[in-house]
Amino acid sequence: MKRHLLSWLLVLLAPLGGLAASPLDTLLENGSLSIDSRLQHDGALVPGQYARMVIEIGTSTWFTGGTRIRLPEVPGLVILQTEQFAANASETRDGTTWVLQRWTIDLYPQRPGEFRVPAMELSLQVNGGDLGNISGSATSPPLAFSVSLPAALEQAEFWVASPDYTVTQTVDRELDRLEPGDAFERRITFRAEDVPAMMLPALNADGQDGLAAYPAPPVLDNSSNRGQRVASREQSISYVAEQPGRYVLPAEEFFWWDTRDETLKVLSIPALEVTVTGQAAAPVESSSPLPWRTLALAALAPLVVMAVLRLLLRHRPWQRLAFLRKPLHKLWRVLLSLRQPALPRRLNPDSSAGD
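The structure is reproduced here in structure tokens:
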């Protein structure tokens, strides 16, 4: 009995499984829609090097709307979609004209080893011929590739893999005649092709005793022109001279893996010598500490006041002197009468004449 019920359930649920399938599956099965993915790169890849993944979508009819790509997450691999539009093309297959969309996905491996980019979910809108306009989801084929670490990079901690990489340094004033309180700005600019700005190095901005450093937030820029990707990182550091002396901002070296000839190169910026003359600003003298006796008296004073108030409230000595209140009041009135003048203010008070 249970077997018969299970069989009936499978029969009833089978059509539901067909309803869950994407409408695009029919076009993929009859060959009027194709999806392909490939790695467009020649030669070996090193960590940090740009690799281009191309997803090609073709239809024997035409696209009726935009295409969206959902990027996956792969450990050790940076996946970016920097181009918002596909490269459109057409070709003839078995006498039929096909319309193509080629989407570019940027890959930046961060370690050596094997990588596998899983299938990406694509949201498509195409014309299905007799089926009318169809929209749904499909997936791109997975993609596998490997990344190796050349012997020249085994001892390097950080490098930039690019066909073109430059580092420049500028300052906004002469550094041999500074005085305490003077400031100058140091600007270092990194520029590279086929590298996002977030992967360019950061410069050490530590100050020295007598020469304070105040780094500004870096300015990152990514641009693309006719398929050429250029990134820059501009870092500005303001230095303030605090004490006379001679200071040296050390030279810096940066490793560059030239992807054109697959060789390791070193870029550098020279050291900067800073001379500060004159007298240092006088430090602000702090007030001399109070003697311990004064501090002790200040601490005991509130206690003494509280003790006196407590005794006054407890014994109330003013109540014992209440009998003196009336005699003192009479005495006060007598004293006031003695202060009055003997003659009136006017010689003839009843006269209407002026004073």
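Read in order, the letters of the sequence shown are residues -20 to -1, 1 to 335 in mature numbering (1 follows the signal peptide of the UniProt record, and there is no 0). Ideal Cβ placement from N, Cα and C applies to all residues, glycine included. In this text the structure is predicted, and so the values were computed from the model without any measurement.
For residue 250, the closest C-alpha among the options 159, 127, 168 is that of 168.
Following the DSSP letters along the chain, one finds residue 257 in no beta strand (DSSP E), marked with neither H nor E. At the C-beta level, residue 165 and residue 126 stay beyond 7 Å of one another. The shortest C-alpha to C-alpha distance from residue 235 to any of 218, 141, 222 is the one to 141.
In the structure shown, residue 231 falls within a coil segment according to DSSP collapsed to helix, strand and coil. Around residue 43, the same chain offers 106 as residues with beta carbons nearer than 6 Å, after the five sequence neighbours per side are excluded. Three or more Cβ pairs drawn from the segment 34 to 50 and the segment 65 to 83 lie within less than 8 Å of each other, which places the two stretches in contact. Ranking 14, 70, 27, 5 by CA distance to the CA of residue 137 puts 27 first. Between the segment 88 to 104 and the segment 47 to 67 there are three or more C-beta pairs closer than 8 Å, enough to call the two in contact.
Residue 255 is positioned such that its CB atom lies closer than 7 Å to that of residue 156. Between residue 193 and residue 219, the CB-CB gap stays under 7 Å. Boundaries for residue 6: no beta strand (DSSP E) harbours it, while the alpha helix (DSSP H) harbouring it runs 4 to 10, taken from the DSSP string. Taking 3 residues as the minimum length, the beta strand (DSSP E) runs contained wholly in the segment 97 to 155 are 101 to 107, 113 to 119, 123 to 127, 139 to 142, 145 to 151, in order along the chain. Inclusion of residue 248 and residue 123 in the CB contact set at 7 Å is not warranted, their separation being larger than that value.
Nearest to residue 2 by alpha-carbon distance, out of 108, 160, 221, 215, is 108. Nearest C-alpha to residue 59 among 128, 198, 30, 13: 30. Nearest to residue 208 by alpha-carbon distance, out of 149, 144, 160, 188, is 144.
Residue 83: member of the beta strand (DSSP E) spanning 76 to 89, first to last residue. In the DSSP assignment, residue 242 forms no beta bridge with any residue. Taking 7 Å as the cut-off, the Cβ atoms of residue 177 and residue 202 count as close. Following the DSSP letters along the chain, one finds residue 17 inside the beta strand (DSSP E) bounded by residues 13 to 20. Around the beta carbon of residue 243, fewer than 16 other beta carbons lie within 10 angstroms, which makes this residue exposed. Within the same chain, 168, 249 come within 6 Å of residue 149 by CB-CB distance, once the 5 residues on both sides are set aside.
Residue pairing for residue 170: DSSP places it in a beta bridge opposite 147, 213. Residue 6 and residue 104 do not touch by the CB rule: their CB atoms are close to 13 Å apart, not below 8 Å. Here residue 223 is not near residue 187, since their CB atoms are 7 Å or more apart. Of 170, 281, 230, the smallest CA-CA separation from residue 185 is found for 230. Around the beta carbon of residue 174, 16 or more other beta carbons lie within 10 angstroms, which makes this residue buried. Scanning its chain for C-beta atoms nearer than 7 Å, with the 5 sequence neighbours on each side dropped, one finds around residue 77 the residues 70, in chain order. Of all alpha-carbon atoms in 113, 23, 215, 162, the one lying nearest the alpha-carbon of residue 259 is that of 162. Of 4, 283, 233, 133, the smallest CA-CA separation from residue 115 is found for 4.
Counting along the chain, the unbroken beta strand (DSSP E) around residue 192 starts and ends at 191 to 195.
Out of 10, 159, 62, 96, the CA that lies nearest to the CA of residue 56 is found in 96. Inter-residue distance for residue 92 and residue 13 is about 36 Å (C-alpha atoms, whole angstroms). With at least 16 other beta carbons inside 10 angstroms of its own, residue 147 counts as buried.
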